[in-house]
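Peer 1:
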Amino acid sequence: MPHSPPTEHRTIVAVDVAEFTRPDRTVADQIAVQEGLYGVLRAALTAAGAVVDECDIEDRGDGALILIPPSVSKSELADKLPDRLAAEIRRHNATHARPAQFTLRVGLHAGDIRKNANGWVGNAVVQTFRILDSEEAKTELSRSGQLVAFIASSYFYDEVISQDPGSAPESYRRIDVSVKSFDGYAWLRLHGGRWEAGASPPALVAGPAHDDVVVRSLFPADEMKVLEGLLSGVETDRLPMLVRRATRARIPLPRFPSVWEAFLNLADVNADSDGIPPAIEFLELLAEELGADSAAELTEWVSQKIYNLRRTEQRQERRETRGPIPEQPFLHLMIVVELDAIDETRCVLSFWRQEDPLEWPPPRGGPHELAVGELERRIDEVIVQAESEWSDQAVSVALEFVMPRPLLQMPIMAWRKEYGSGYPRPLVYDYPLALRSLERMRSAHWHRIWRMRWESAVDDTPSIRRIHPYGPAEARENPIDAVLSESTWVGMVMDEPPSAHPDPSSGPDALTAALRAGVPLVVWHPRASAADLRDLVGRLVTGEGGISGVPARHRAAHLAATEDDLIRNLVVLLDDPNRKIGPGGPPPTSSGGLE
Numbered sequence: 003m004p005h006s007p008p009t010e011h012r013t014i015v016a017v018d019v020a021e022f023t024r025p026d027r028t029v030a031d032q033i034a035v036q037e038g039l040y041g042v043l044r045a046a047l048t049a050a051g052a053v054v055d056e057c058d059i060e061d062r063g064d065g066a067l068i069l070i071p072p073s074v075s076k077s078e079l080a081d082k083l084p085d086r087l088a089a090e091i092r093r094h095n096a097t098h099a100r101p102a103q104f105t106l107r108v109g110l111h112a113g114d115i116r117k118n119a120n121g122w123v124g125n126a127v128v129q130t131f132r133i134l135d136s137e138e139a140k141t142e143l144s145r146s147g148q149l150v151a152f153i154a155s156s157y158f159y160d161e162v163i164s165q166d167p168g169s170a171p172e173s174y175r176r177i178d179v180s181v182k183s184f185d186g187y188a189w190l191r192l193h194g195g196r197w198e199a200g201a202s203p204p205a206l207v208a209g210p211a212h213d214d215v216v217v218r219s220l221f222p223a224d225e226m227k228v229l230e231g232l233l234s235g236v237e238t239d240r241l242p243m244l245v246r247r248a249t250r251a252r253i254p255l256p257r258f259p260s261v262w263e264a265f266l267n268l269a270d271v272n273a274d275s276d277g278i279p280p281a282i283e284f285l286e287l288l289a290e291e292l293g294a295d296s297a298a299e300l301t302e303w304v305s306q307k308i309y310n311l312r313r314t315e316q317r318q319e320r321r322e323t324r325g326p327i328p329e330q331p332f333l334h335l336m337i338v339v340e341l342d343a344i345d346e347t348r349c350v351l352s353f354w355r356q357e358d359p360l361e362w363p364p365p366r367g368g369p370h371e372l373a374v375g376e377l378e379r380r381i382d383e384v385i386v387q388a389e390s391e392w393s394d395q396a397v398s399v400a401l402e403f404v405m406p407r408p409l410l411q412m413p414i415m416a417w418r419k420e421y422g423s424g425y426p427r428p429l430v431y432d433y434p435l436a437l438r439s440l441e442r443m444r445s446a447h448w449h450r451i452w453r454m455r456w457e458s459a460v461d462d463t464p465s466i467r468r469i470h471p472y473g474p475a476e477a478r479e480n481p482i483d484a485v486l487s488e489s490t491w492v493g494m495v496m497d498e499p500p501s502a503h504p505d506p507s508s509g510p511d512a513l514t515a516a517l518r519a520g521v522p523l524v525v526w527h528p529r530a531s532a533a534d535l536r537d538l539v540g541r542l543v544t545g546e547g548g549i550s551g552v553p554a555r556h557r558a559a560h561l562a563a564t565e566d567d568l569i570r571n572l573v574v575l576l577d578d579p580n581r582k583i584g585p586g587g588p589p590p591t592s593s594g595g596l597e
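Here is the structure:
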């Protein structure tokens, strides 16, 4: 009698694509479904704690047999696999035409099996495929509109699922199974569908839903009715910001006319890698925005839902990493100009438009190749477009111009917008303006000391004595780069405007020395001396907001100035290291533009 192979205990997962051979599927569609199935399985198994390379996987044409090693926790698999499979199927279906979309039946079992030259054999494998072929499971999945039907064997349910609340045992129901020689029962769960957690708050036990309320996989109809009551009529000026934060800006979304419409759309968006659905995150952010008095019931609902989803730890991690929206937030539009490496009359314009004051960097806009003389008009177009995108936000905006050294003399305080109206309006009327250095942005090896100098200015509101040359007189007798190496200095007033192309043979000029030393604030005037500017600079660096408030104070002084006031031509360069566009900034370009 031949020697029998040794037994191995494995968790057994069998999957089958529902209606794989339905008439509307071509061979190309079937290939797309099969490839999509394996992509879904790899991603979901990995997220559920299984190393795919350590699993044995056998293809079954319209499905697969996956044997998971004993090192993988059965309870963790039962907890995480349903959510991750459904999320990955949504991702696949969202990017394929209907014939290439699919739903899935999944059989769950565990037992001792053997491997021979032809594959894996054993009663446990046979039983898994028998319960997978349950007619009731097929029928229920087809008419439910859900994505996944999980069919657990009686052994797997009793020993694993029912023992762990995190596996949501109350979401399964017992079904009879009679397939070929197997006659018994199993436990069926239609993913996310029509079950009600026993610990739900009393407010969620409601009557039948209105006919026009859509039952969603994550939110049963009674919950949707209660949520509609909580959210209808709620208004916030920060709705776009809350939506972006809830989705972590992973996908582009339209503007929503109401909080309720935003929630309905987010309810169809996949959970992130930590398993927290964007719709739940949105409700929590909204509750924080409204405050405890106005959102007590909503806060309680979110807490209970997170508990039911077993995502309390992940929720706490999110809370620790996200900061609150400031009481007076600013959105920033950063405009970056790069000179052509060959022809300095040509440049490339890019921009970074913020949608959430706590998210940086946003996606890059542009680039646009143009003549330097066309900058003001093209920047006008960028600003007008940005204002259209921000039209439903009640948030202040600041503009930042990151310029190469030869263009630091550009008169940004005199630039205008809305030329198309025939009555262009000065930018300074509507925004604080900040001039920034592209040279510093690109030079990552200067950034550490720059950040240190900035933090010292933020922690200690700078006085006029921390601005060179208004500090200790003895320091002015030394070379400028030696002087600025002292951590005292957070700003410098230059005696004359910086040269567009300094002579390197004469040593570091004042601007280069300031950039290298991490000095964030540099000021100069085309005609006035540093002594003439003392009072004006003193007002710029002191006041509400510390050094971060310099652009706002510069704007206020400019708006109040008379025609011959020194402020009219004062140039203020202020670099905040908290808003960068990469470790070294954008690369220089050639006449061919950006790739």
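Under the numbering used here, think of the first position of the sequence shown as 3, with each following residue one higher.
All residues carry an ideal CB built from backbone N, CA and C; glycine is no exception.
1) For residue 456 versus residue 518, is the C-beta distance shorter than 8 angstroms?
2) Compute the beta-carbon to beta-carbon distance between residue 2 and residue 357, rounded to the nearest angstrom, for a pair I have assumed lies under 8 angstroms.
3) Quick one: complete alpha helix (DSSP H) runs, 4+ long, within the segment 277-350?
4) Per DSSP, what kind of secondary structure is residue 373 in: helix, strand or coil?
5) Determine the closest residue to residue 111 out of 147, 161, 118 and 491, with distance taken between C-alpha atoms.
6) Starting from the C-beta of residue 261, find all residues in its chain whose C-beta is less than 6 angstroms away, skip the five residues before and the five after it, and write them out in chain order.
7) Out of 150, 50, 51 and 569, which has the shortest C-alpha to C-alpha gap to residue 415?
8) Would you grab the beta carbon distance between residue 153 and residue 133 for me? Rounded to a whole angstrom, and I think it's under 8 angstroms.
9) Helix or strand or just coil, what does DSSP make of residue 59?
10) Going by the beta-carbon positions, is the gap between residue 525 and residue 539 smaller than 8 angstroms?
11) Just checking my contact of residue 548 with residue 460 at CB under 8 angstroms: how many whole Å lie between their CB atoms?
12) Within the segment 443-518, note down every full beta strand (DSSP E) run reaching 3 residues or more, in order along the chain.
13) Hey, could you find the ends of the alpha helix (DSSP H) residue 159 is sitting in?
14) Specify the secondary structure class of residue 2 as computed by DSSP and reduced to three states.
15) So what does DSSP say about residue 547, is it helix, strand or coil?
16) What does the alpha-carbon distance come out to for the pair residue 178 and residue 122?
17) If I follow the unbroken alpha helix (DSSP H) through residue 141, where does it start and stop?
18) Determine the direct distance from the alpha carbon of residue 400 to that of residue 257, and round the result to whole angstroms.
19) Once you ignore the five residues that flank residue 64 on each side, which residues in its own chain have a CB closer than 7 angstroms to its CB?
20) From the DSSP output, in three-state form, read off residue 398 for me.
21) Which residues does DSSP list as the beta-bridge partners of residue 184?
22) Taking the alpha carbon of residue 428 as the point to measure from, which residue in 382, 564 and 443 has its own alpha carbon closest?
23) Name the residue from 452, 443, 309 and 239 whose alpha carbon lies nearest to the alpha carbon of residue 278.
24) Would you kindly check if the distance between the Cβ of residue 458 and the Cβ of residue 489 is under 8 angstroms?
25) How should residue 493 be labelled, buried or exposed, when 16 other C-beta atoms within 10 angstroms of its C-beta is the threshold for buried?
26) Looking at the secondary structure, which residues open and close the alpha helix (DSSP H) in which residue 10 lies?
27) Name the two residues that bound the continuous alpha helix (DSSP H) containing residue 46.
28) Which residue marks the beginning of the alpha helix (DSSP H) containing residue 127, and which one marks its end?
Peer 2: Well, looking at it:
1) no
2) Only positions 3 to 597 of the chain appear in the structure, and residue 2 is not among them; the question remains open.
3) 280-292, 298-310 and 314-323
4) Three-state result, residue 373: strand.
5) 161
6) Closer than 6 angstroms at Cβ, skipping near neighbours: 233 and 236.
7) Taking only the C-alpha atoms, the option nearest residue 415 is 569.
8) 5 angstroms
9) strand
10) Less than 8 angstroms divides the Cβ of residue 525 from the Cβ of residue 539.
11) 6 angstroms
12) 493-495
13) 156-161
14) For the chain, the structure presents residues 3 to 597; residue 2 sits outside this window and is missing.
15) coil
16) 26 angstroms
17) 137-146
18) 22 angstroms
19) The answer, listed in chain order, is 18, 19 and 22.
20) Three-state result, residue 398: strand.
21) 181
22) 382
23) 309
24) yes
25) Buried is the label assigned to residue 493, since at least 16 other Cβ atoms lie within 10 Å of its Cβ.
26) From DSSP, residue 10 is part of no alpha helix (DSSP H) but of the beta strand (DSSP E) over 9-19.
27) Residue 46: member of the alpha helix (DSSP H) spanning 29-49, first to last residue.
28) For residue 127, the uninterrupted alpha helix (DSSP H) run begins and ends at 125-134, by DSSP.
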